[in-house]
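First comes the structure, then the notes that go with it.
Right, dumping it as structure tokens:
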């Protein structure tokens, strides 16, 4: 998503966000989340799930329908 805002408690607001669900059996599934708010106390887990700047040109060149991977393990806290 696109970072729209954050505050001193590390809460963040993302717009146009989506989640990619990986599988070893089928291509990547993209779930549209839209406007998404992540509370600061959950940010540690979000960053472990890869939050970072995206190279849009490189990302658009990926063939997600043929990409296979093990899904991330659930976060237990």
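In UniProt numbering, the protein residues as written are 1 to 77. Note that beta-carbon positions come from the ideal geometry of N, C-alpha and C, so glycine has one too.
The distance from the Cβ of residue 67 to that of residue 28 is about 5 Å, consistent with a contact at the 8 Å cut-off. Taken in chain order, the whole beta strand (DSSP E) runs of length 3 or more contained in the UniProt domain "Sm" (1-43) are 2-6, 12-21 and 29-38. In this model, residue 19 and residue 25 are separated by some 18 Å (Cα to Cα). Under the DSSP assignment, residue 57 falls in the alpha helix (DSSP H) whose first and last residues are 56-60. Residue state for residue 64 is assigned as helix, using DSSP reduced to three classes.
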